[in-house]
Amino acid sequence: MKGRGAHFHFHLCLALLFALFAVGFGMGVKNQSVRCIAAEKRALLDFKEGLTDDYNRLVSWTSKEEECCEWEGVGCDNTTGHVIMLDLGPKFGGSWMPISGEIGTSLLELKHLSHLDLSMNHFEKIPEFIGSLAELTYLNLSYSPLTGFIPHQLGNLSRLLYLDLSNGDFEHSLTSDNLEWLSHLSSLKLLKIRHASFKKATNWLQVIQSHPSLQVLHFDYCNLPEVDRSSLSRFNISNSLTILHLSSSIPLRPSTFPLLLNISQNLVELDLSYNHFLSSIPDTFDNMPSLERINLEQNNFEGGIPQTLGNLCSLKELNLRMTRLSGSLADAVKNLSGCAKDSLESLLLTLNNFNGSLPSFVPFSSLRELDVGYNQLSGHFEDNFGDFSKLSVLTLEENRFTGPLPDLSRLSSLRKLYLKGNRFEGPLPLSIGEISQLVLLDVSYNSLHGVISEAHLSNLAKLQRLSISFNSLSFHPSSDWIPPFQLSFIGLASCELGPQFPNWLKKQANFSHLDISNSNISDAIPDWFWNLPSSLKFLNLSFNQISGKVPNIPLEFEYLPVIDLNSNLFYGPIPQFLYNSKVLDLSNNMFSGSLSFLCTTGGWTFLDLSNNLLSGGIPNCWSGMLEINIINLENNNLSGVIPSSMGSLWSLQSLRLRNTSLHGEIPQSLKSCTSLRLLDLGENKLTGIIPPWIGERLENLVVLRLRSNKFHGDIPSSLCKQQFLQVLDLSLNNISGTIPSCINNLTAMAHLESSEATIEFTYNYNDDYDIGDNHFNTITDGTFDDHLLVIWKGLEQEYGKTLGLLRVIDLSCNKLSGEIPREIASLHGLINLNLSRNMLKGSIIKEIGQLKALESFDLSTNNLSGVIPESMSDLSFLSVLDLSNNNLSGKIPLSTQLQSFNATCYAGNPGLCGDPLNKCPGDESPKSPNNDGLGDIDTFG
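Residues -28 to -1, 1 to 913 (mature numbering (1 follows the signal peptide of the UniProt record, and there is no 0)) make up the sequence shown, in order.
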């Protein structure tokens, strides 16, 4: 079987070499006696006339330059002078400089053209006349925004070996109603089509299988219809097809899956990933003895792994990531224990629903990569591998493994070990230090404890990525310890590293990621630390007691990094190099100076400078920060007004300017910030009315906090349009008028169902990560759980992890008048209602008992009258109540809850009576029953 794979690679390489370089036989040596053909030169110039060349790639194509064979992208036969190659595709390593326009018919004059590459340009149509370029062996039109029909005239290219019509995006799609033209390409070895619709070509599978020469086929992101089974009567499984990719070809029907497993006995590579099949994996791999690589990632399979997969004696790579497979992992491994156990090198089962313990993999002697992460595996991690000399990557992360880590020193070839997110406990074994080939070690998010010594790491000279975060580990090497490695990723969050700043970091010059947050460091930061690598992407020193001034040094980074220094003792001005970041969190320090630096950058997605000593106004220069999602400047010594340019921040989700001494009105430009979910302008000196556009335009608001300002006027009825609003705090202002009766339209407060506990915001930043043996540089989405100060049960409390559970209306300390609207009783999810210190009149609405989730209720210091409704007895969760200083009367209803409050909660209502106040007139003391003729006995009151 191995000979069959080598045979395939030889023939494929031969085909591609011929297609790519056949023209080279005439081009390898310059022959000054041969000049380009005049007619072909005119044809090329006519072709150029129809093009738009914004980047002057064809500047050498001029009538003055007689030798057209020297032109950019043109290749001639050195014997005949005929143009045989036209290559306007991108050069390796060059930037993208697309040419657009029409592919002109003048190319028909190039009758000897065998190689045409127009890839990575901006052509929109495949012209029919290309089918008349009879000498073509290589045609590449890929990654242009091609649309329309694939011309059937392509079927005339009987010499064609290589055809690539791949599109780069979903917006542009090719169409073919019938693939009969493909069957006429009798020499074709390789075909790639991406983003195309074949929804009427029901014979597509028959055409592929019966093709006499096709070896490599990629139909990715193509719309493929249900197969016409009547066309399959002459199936020929001895065809030449060796590589078949049908990735993301939705809606590829589950009924087609078994047919694809009977397509060719010569198939070496099968990729059906990202098709979302809703079926089990067919147990019919018997007719594919040559298969070496199978990729079924991202499908919706049922059940487990079929046994015939284990009978594929040439199988090397099996990718079943994210396929919803379930059952015992031991059973799945047993089904793979046929002859495949001797050849299998890579087994990828991550993000499935396998359960049970980790079975023995000792029989799989060729295994190099095993990934069973993100399943439901449990039990102890025993010696499951024996003397595995080939295993290079082992991924067990995000399962439920428990117990101590075993001795893995016998895995002598192990390069990457992922054990993150389990329940491993005990110390990190010293034997880890004997795995000298380790490049990556990740044991973060476990319950490991104890000391990591220099001996754990001193033999790991190849280590590049170390993550031991979120355990109970301590690491205190000697101050003169020199690590044998240069790390690119250092994850030591929540490890015990202090109190001294770790001196060994001085020798780490190449890291892109450093997280030593919450590591009990209480030391002045050394000057050498700020000589940060230019490759930095992520720096987190937060939640320590690191002190010192951040120096203003000329640092430049290749990427805009995440820089998180929050909750330390840094002081002084913010240095310029910190401005050039994607995420900047300097909150809870003692930074001082002005915010003028905000005008020098524009790349932030997250900015938190809260709780510092910053002063001056907020500069009006936000219009260039179009990517920013989160701004927090609260609790600084600022002044001035809210800058109007903040209205250009269309992606802004959270704006917090609380307690910054701002004055003036809320600028109308903020109505353009339609992504806002949290707006906190509390504790300032803002004036004017509450703008009606807040309700009309900011329709995604979850939190609106305008507490303690100088707003006046009515509560705009447009606020009732806020269907997501969960916290409304307008307290401590000069707001007058009535409470809008439309308040029942605040639908997020009307539901008893619990929402997410947190109010989560997203932002993005540059990062890199590893999956198995692959390393990726990427833009990563970060999440931020916002927090808020809320007056809760009479005290100001900060809510973060549970903020999303709050349903609060606080309109206290204003000049509201009129009656409490009955519609407020529809807000069944309300937890905190505070209408105190207003001028409300009328009675407490009798439907108040419908607010069964209410925990805090304050109507004190109003002009309310009448009785306390009996329905208040139904408020069984009520723990804070204040009805004092009104004109309420009558008897306090009897309930366990209402009688549990102190009398002060009812004080200032002369007409009220009953427990816990004085007894009501007419109430009689309870009497004991007559006992032995002793008469009535008074009880103690």
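Note that the Cβ used here is the ideal one computed from N, Cα and C, for glycine as well. Because the structure is a prediction, the values reported are computed rather than measured.
- Remark: three or more beta-carbon pairs, one from each stretch, lie closer than 8 Å, so the stretch 55 to 62 and the stretch 82 to 89 are flagged as touching.
- Scanning 452, 788, 872 and 867 for the CA closest to the CA of residue 831 turns up 788.
- Counting along the chain, no alpha helix (DSSP H) covers residue 880, and no H or E run does either.
- Taking C-beta separations shorter than 8 Å and ignoring five residues to either side along the sequence, the partners of residue 402 in its chain run 425, 427 and 428, following chain order.
- Closest by C-alpha distance to residue 849, out of 500, 841, 824 and 452, is 824.
- Residue nearest to residue 543 within the set 551, 583 and 528 is 583 (criterion: CA-CA distance).
- Secondary structure of residue 863 (DSSP, three-state): strand.
- Residue 28 and residue 115 have their C-alpha atoms roughly 20 Å apart.
- Taking all protein chains shown into account, residue 893 has fewer than 16 neighbouring C-beta atoms within 10 Å of its C-beta and is therefore exposed.
- Looking from the CA of residue 156, the closest CA among 30, 127 and 404 belongs to 127.
- Annotation: residue 322 to residue 344 spans about 5 Å, alpha carbon to alpha carbon.
- For residue 512, same chain residues with a beta-carbon under 6 Å away, outside a window of 5 residues either side, are 487, 489 and 536 in chain order.
- In this structure, the beta-carbon distance from residue 93 to residue 122 does not fall below 7 Å.
- According to the DSSP assignment, residue 289 belongs to the beta strand (DSSP E) that extends over 289 to 291.
- When secondary structure is reduced to three states using DSSP, residue 712 falls in the coil class, being assigned neither helix nor strand.
- Taking all protein chains shown into account, residue 50 has 16 or more neighbouring C-beta atoms within 10 Å of its C-beta and is therefore buried.
- Residue 667: not part of any beta strand (DSSP E); member of the alpha helix (DSSP H) spanning 665 to 669, first to last residue.
- Beta-bridge analysis with DSSP links residue 194 to 168.
- When rounded, the separation of the alpha-carbon atoms in residue 895 and residue 864 is 13 Å.
- Residue 571 sits in a helix when the DSSP states are folded into three classes.
- Counting only the Cα atoms, residue 436 lies some 26 Å from residue 291.
- Annotation: residue 637 to residue 660 spans about 6 Å, alpha carbon to alpha carbon.
- Counting along the chain, the unbroken beta strand (DSSP E) around residue 396 starts and ends at 395 to 398.
- Nearest to residue 694 by alpha-carbon distance, out of 721, 267, 295 and 703, is 721.
- Residue 349 is not a Cβ neighbour of residue 366, given a cutoff of 7 Å.
- Assignment of residue 824 by DSSP, reduced to helix, strand and coil, places it in the coil class.
- The three-state reading of DSSP puts residue 459 in coil, since its state is none of H, G, I, E or B.
- With respect to the C-alpha of residue 189, the residue from 182, 175 and 218 having the closest C-alpha is 218.
- Between the stretch 475 to 484 and the stretch 516 to 527 there are fewer than three C-beta pairs closer than 8 Å, too few to call the two in contact.
- Take residue 319, set aside five residues on each side of it, and the residues of its chain with a beta-carbon closer than 6 Å to its own are 290 and 342, in chain order.
- Assignment of residue 294 by DSSP, reduced to helix, strand and coil, places it in the coil class.
- Excluding sequence positions up to five before and after residue 256, its CB lies within less than 6 Å of the CB of 230 and 233, all in the same chain and listed in chain order.
- Take the alpha-carbon of residue 212 and the one of residue 260: they are about 13 Å apart.
- Under the three-state reduction of DSSP, residue 614 is assigned to coil, being neither helix nor strand.
- Excluding its 5 nearest sequence neighbours in each direction, residue 653 has C-beta neighbours in its own chain below 6 Å: 629 and 678, listed in chain order.
- Here residue 341 carries a strand assignment [DSSP, helix/strand/coil].
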